[in-house]
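Numbering (full-length UniProt numbering), first residue to last: 1 to 296. Below is one structure, written out as structure tokens; the observations come after it.
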Amino acid sequence: MEAAETGRAAVADRLLTSSLRTSYDPTVEIDWDAPHTPGAYWLPPQRSSLYGTPLWEQLSEEQRVELTKHEVASAASAGLWFETILMQMLIREYYRADPTSRQAQYSLTEVADECRHSIMFGRLIEAMGCPVYRASTVDHHLGRFLKATASGPRMYAAILIAEEILDAFQREIMADESLQPLIRMVSRIHVVEEARHVRFAREELAAAVAATGPVGMAYARLLVGRAAYTIANRLVHPDVYAAVGIPPAVGRAAARANPHWRATLRWSAARVHANLAEVGLVAGPGRLLWARAGLI
1 MEAAETGRAA VADRLLTSSL RTSYDPTVEI DWDAPHTPGA YWLPPQRSSL YGTPLWEQLS
61 EEQRVELTKH EVASAASAGL WFETILMQML IREYYRADPT SRQAQYSLTE VADECRHSIM
121 FGRLIEAMGC PVYRASTVDH HLGRFLKATA SGPRMYAAIL IAEEILDAFQ REIMADESLQ
181 PLIRMVSRIH VVEEARHVRF AREELAAAVA ATGPVGMAYA RLLVGRAAYT IANRLVHPDV
241 YAAVGIPPAV GRAAARANPH WRATLRWSAA RVHANLAEVG LVAGPGRLLW ARAGLI
């Protein structure tokens, strides 16, 4: 146990050092007033929720670009929603932690990162001229419950689900030179800093799982499944379809039935699903929620 604790402290210490070398202030690093590139997509078109459907074929090229812009705004809105939850969970953990420990100090560093990321996502939505796509009433209250109660495996697994699903999209976006420069720069900053957050969460998750009994793990699997379901469904708000003249209910139904979009969801969740399944957090009723969300 002492060796494991020492190992976790060493990881946190390395992450603190890395944070000193590569942390970014998006208000300085990004030219928010730069004009957008005419005709450039905001995410690879094959990652759009309607790609390959009859609705997609009916859209003009301009409408397709516009749809991807609003889908990015929706994902950024979901990111803002979850980062607010994440920061409160980390602060709650810090409240009872040893402030001299490297893990506690890295938790605060991560909160500082997430503060900047939330500003960045807010500026991105503003720069795109899109609305903030807010959580439903149910998800809003679920978020309140999660931030107030989640700890141990439930907390770190939920963090990994949100961060790694978004990370899959952003790694692809930042490498695609055909996309809008603004979203590529936002993605690059987020990927670099989130890589540290993922490393920390995986380390803390392993320790939390080892310290959790059978009843706690059963509850964690259920809550983690619900978190996965919610995060997957928050990626594309149904109102984004109205931006290109598609009724929200029609667009959502088409996306849910779209084999291309379901393949994209599975692709985005592949890494985190494998990690959480390996530590026993994807099973039973919770696993049904992963499947219902289209993540597996």
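From the three backbone atoms N, C-alpha and C, an ideal C-beta is built for every residue, glycine too. Owing to the predicted nature of the structure, the values given are computational and were not obtained by experimental measurement.
For Arg144, count neighbouring C-beta atoms within 10 Å of its own C-beta (all shown protein chains included) and say buried if the count is 16 or more, exposed if not. Stepping through the sequence shown from its first residue, residue 144 is reached at position 144. With fewer than 16 Cβ atoms within 10 Å of its Cβ, Arg144 is classed as exposed.
Could you name the residues of the same chain whose beta carbon sits closer than 6 Å to that of Met128, not counting the 5 residues immediately before and after it, in chain order? Along the sequence shown, read from residue 1 onward, the residue named residue 128 stands at position 128. Within the same chain, Met128 has close Cβ partners Lys69 and Ala73.
Endpoints, alpha helix (DSSP H) assigned at Leu235: As a first step, residue 235 is located in the sequence shown; it is residue number 235 there, counting from the start. Element bounds for Leu235: n/a, residue is neither H nor E.
I'd like to know whether the C-beta atoms of Gly225 and Trp290 end up nearer to each other than 8 Å. Stepping through the sequence shown from its first residue, residue 225 is reached at position 225. Stepping through the sequence shown from its first residue, residue 290 is reached at position 290. Cβ atoms of Gly225 and Trp290: closer than 8 Å.
With 16 other CB atoms within 10 Å as the buried threshold, where does Arg234 fall? Numbered from its first residue, the sequence shown carries residue 234 at position 234. It is buried - the Cβ of Arg234 has at least 16 other Cβ atoms within 10 Å.
Closer than 8 Å is the cut-off here; do at least three beta carbon pairs connect the region 251–270 with the region 187–200? no
Measuring only the C-alpha atoms, how far is Glu71 from Pro54? For the purposes of this step, residue 71 is taken as the residue at position 71 of the sequence shown. For the purposes of this step, residue 54 is taken as the residue at position 54 of the sequence shown. Going by the C-alpha atoms only, they are around 18 Å apart.
Cβ separation of Val111 and Ile91, assumed to be a contact under 8 Å, to the nearest whole Å: Numbered from 1 along the sequence shown, position 111 holds the residue referred to as residue 111. Numbered from 1 along the sequence shown, position 91 holds the residue referred to as residue 91. Yes, they are in contact, since the Cβ atoms of Val111 and Ile91 sit about 6 Å apart, within 8 Å.
Could you round the C-beta distance between Glu114 and Met89 to whole angstroms and report it? I think they count as a contact, below 8 Å. As a first step, residue 114 must be located in the sequence shown, where it is residue number 114. As a first step, residue 89 must be located in the sequence shown, where it is residue number 89. That belief does not hold up - the Cβ atoms of Glu114 and Met89 are roughly 11 Å apart, past 8 Å.
Rounded distance between the beta-carbons of Arg196 and Leu15, thought under 8 Å: Residue 15 sits at position 15 when you count from the first residue of the sequence shown. Residue 196 sits at position 196 when you count from the first residue of the sequence shown. Sure, about 5 Å apart at Cβ, within 8 Å.
Buried or exposed (CB count within 10 angstroms, at least 16 for buried), Gly245: As a working note, residue 245 is residue 245 in the sequence shown. Exposed: under 16 other Cβ atoms inside 10 Å.
Roughly how many angstroms separate the alpha carbons of Ala249 and Ala12, rounded to a whole number? Within the sequence shown, the letter at position 249 stands for residue 249. Within the sequence shown, the letter at position 12 stands for residue 12. Computed Cα separation, rounded: 45 Å.
Which value, in whole angstroms, describes the spacing of the CA atoms of Lys147 and Glu177? For this step, residue 147 is matched to residue 147 along the sequence shown. For this step, residue 177 is matched to residue 177 along the sequence shown. When rounded, the distance between both Cα atoms is 37 Å.
Between Gln170 and Val192, how many whole angstroms is the CB-CB distance? I'm expecting something under 8 Å. Within the sequence shown, residue 170 is the residue found at index 170, counting from 1. Within the sequence shown, residue 192 is the residue found at index 192, counting from 1. That pair is no contact at about 10 Å.
So for Val224, helix, strand or coil by DSSP? Here the question's residue 224 lines up with position 224 in the sequence shown. The answer is helix: DSSP assigns Val224 an H, G or I state.
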